[in-house]
Amino acid sequence: MNQNNNDRTKKTNKNKPLVPPSSLQSENSRALRKPKKGHCYQGRIVLGTLDPEGNGVETTFYDAHEYGNGKTVDEFDSCSEEGSTEMIPRGGHTETVSLAPTASTSSASLSPRQRPMSCQAIWQAPLPPPTPPSELPERFLRAGKGNVDEGWRRYRATLQWRKEMGIDTILRRPNPRFALIKQHYLHYFHMRGKNNEPCFYEIPAKTNLKALREGGVSVEDLLQHYAMIVEYQWQIVERSDSAKSLYIIDLQGIRFGDFMGDVMDFVKRASAFCNQHYPERAGTVYIINVPSWFKMIWSVVKPWVDPVTLEKIHILRGAEEIRQTMQQRIALEHLPPEYGGTSMPLGQSPEEVELWARMEHNNRLALCTSGDDAEKLRVCGGRGQCRFCSMQLARSY
1 MNQNNNDRTK
11 KTNKNKPLVP
21 PSSLQSENSR
31 ALRKPKKGHC
41 YQGRIVLGTL
51 DPEGNGVETT
61 FYDAHEYGNG
71 KTVDEFDSCS
81 EEGSTEMIPR
91 GGHTETVSLA
101 PTASTSSASL
111 SPRQRPMSCQ
121 AIWQAPLPPP
131 TPPSELPERF
141 LRAGKGNVDE
151 GWRRYRATLQ
161 WRKEMGIDTI
171 LRRPNPRFAL
181 IKQHYLHYFH
191 MRGKNNEPCF
201 YEIPAKTNLK
211 ALREGGVSVE
221 DLLQHYAMIV
231 EYQWQIVERS
241 DSAKSLYIID
251 LQGIRFGDFM
261 GDVMDFVKRA
271 SAFCNQHYPE
281 RAGTVYIINV
291 PSWFKMIWSV
301 VKPWVDPVTL
311 EKIHILRGAE
321 EIRQTMQQRI
331 ALEHLPPEYG
341 GTSMPLGQSP
351 EEVELWARME
361 HNNRLALCTS
371 GDDAEKLRVC
381 GGRGQCRFCS
391 MQLARSY
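Right under this line is the structure:
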């Protein structure tokens with residue numbers, strides 16, 4: 001190839017951004033975006049050879065699940081320079097593929113690791129949930145205070161509840177009012193405690209039931225949403241079956257009337273199914289910024305709370321007591337700035353970003369025409385199974 005051709009090839013690489021064909025475009029397909037010169041990022045490798053402008057300048061992507069060195073390597077560091085793209089398995093071998101085809105190189109002469117794959121991926125339905133264990137899970141035995149019969153009763157009741165409510169598929173179902181609920185009922189996952197517990201914050205005083213009703217959200221809808229949130233915590237945020245949470249309830253600005261009507265109905269029913277079907281999950285509960293009249297409300301709420309859980313609840317008053325107590329359990333860099341920490345604000349944690357992305361994916365997938373796998377493939381970023389569809393539940397109980 002002469003110098004002029006080389007110059008044209010470099011110019012094409014430099015001036016024409018790598019934009020996937022419309023059939024593969026998705027904000028979820030991060031690996032399809034061309035990185036800046038010399039910039040490295042980490043991400044999953046997807047399928048296809050892309051030449052959007054038809055100028056003979058291509059970037060080849062490999063499927064590490066099917067091709068590779070026999071190891072379960074599915075993530076790479078990808079570095080782009082003008083004229084080449086490197087696919088670097090983490091801690092492994094570096095391979096460089098020319099962006100411009102040459103006469104001496106053909107697909108047949110490449111190794112399976114180097115050989116380009118077809119872009120014709122096939123959309124695959126999400127994986128089924130795992131089979132519940134035939135043995136009694138330890139959490140239910142502890143919830144039954146060591147009584148095996150009581151443990152089995154609770155376990156069977158939970159399996160039946162999950163079946164009736166469709167809990168095993170709730171993280172894959174659409175939630176068209178998700179953004180509305182998050183806007184008017186403030187609750188957030190936010191980082192970890194010092195013992196690696198997932199932290200969950202709730203601010204009931206800022207719940208706007210009127211706006212939720214006007215948006216078509218009923219108490220039943222709110223309970224379904226809350227069940228999805230609890231599943232997200234124990235299937236995605238924390239997958240261990242023995243883990244427990246740090247739960248912070250901020251009552252700043254709460255009014256006496258906020259504990260009446262639908263609010264109390266929601267709190268009562270949400271507490272009931274959490275106690276019954278997610279036993280031994282409450283680690284420490286902080287109720288902070290409580291008003292002077294809270295003792296009267298607490299006397300009403302306490303009977304709904306499991307006695308073991310009651311021992312884990314701490315009521316904190318005053319900014320100094322709240323700050324000191326919370327920093328004993330949560331590192332400053334994991335504490336949100338709303339409570340004196342140095343992490344990102346509530347609502348911007350990695351857990352929240354992932355939750356929003358998952359719900360957007362589900363909502364977009366639900367809008368696809370039934371049986372139109374090509375449309376579903378676009379939603380999933382051109383992959384047969386994106387990370388949301390391929391997610392395997394940690395458990396079915």
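Numbering (UniProt numbering), first residue to last: 1 to 397.
For each residue, glycine too, the CB sits at the ideal point set by N, CA and C.
Everything numeric in this text was worked out from a predicted model, so none of it was measured.
Collapsing the DSSP output to three states places residue 199 in a strand. The beta carbon of residue 226 lies closer than 6 angstroms to those of 270 in the same chain, with the five residues before and after it left out. If you check the CB distance, residue 340 and residue 327 come in under 9 angstroms.
Listed as beta-bridge partners of residue 213 by DSSP are no residues whatsoever. In this structure, residue 185 lies near residue 212, with their beta-carbon atoms less than 9 angstroms apart. When secondary structure is reduced to three states using DSSP, residue 207 falls in the coil class, being assigned neither helix nor strand. If only uninterrupted alpha helix (DSSP H) runs of at least 4 residues are considered, those enclosed by the segment 212 to 264 are 219 to 232. Pairing residue 387 with residue 241, the inter-Cα distance amounts to about 22 angstroms.
382 is the residue among 393, 344, 382, 195 whose C-alpha sits nearest the C-alpha of residue 124. Using a Cβ distance threshold of 9 angstroms, residue 289 and residue 175 do not count as a contacting pair.
The continuous beta strand (DSSP E) containing residue 189 extends over residues 186 to 192.
For residue 126, the CB contacts under 7 angstroms within the same chain, skipping 5 residues up- and downstream, are 172, 389 in chain order. The Cβ-Cβ distance between residue 282 and residue 325 does not fall below 9 angstroms. DSSP places residue 335 in the coil class of the three-state scheme, outside both helix and strand. Excluding the 5 residues flanking it on each side, residue 161 has same chain C-beta neighbours closer than 8 angstroms at 167, 273, 276, 277, in chain order. Bridge partners of residue 285 according to DSSP: 247, 313. Looking at the backbone, the Cα of residue 220 and that of residue 177 are separated by about 13 angstroms. Of 164, 251, 377, 264, the smallest CA-CA separation from residue 204 is found for 251. Here residue 266 is not near residue 232, since their CB atoms are 9 angstroms or more apart. CA-to-CA, the gap between residue 392 and residue 153 works out to about 27 angstroms.
Residue burial is scored here from C-beta neighbours: residue 218 has fewer than 16 other C-beta atoms within 10 angstroms and is therefore classed as exposed.
Judged by their CB atoms, residue 191 and residue 343 are nearer to each other than the 9 angstroms cut-off.
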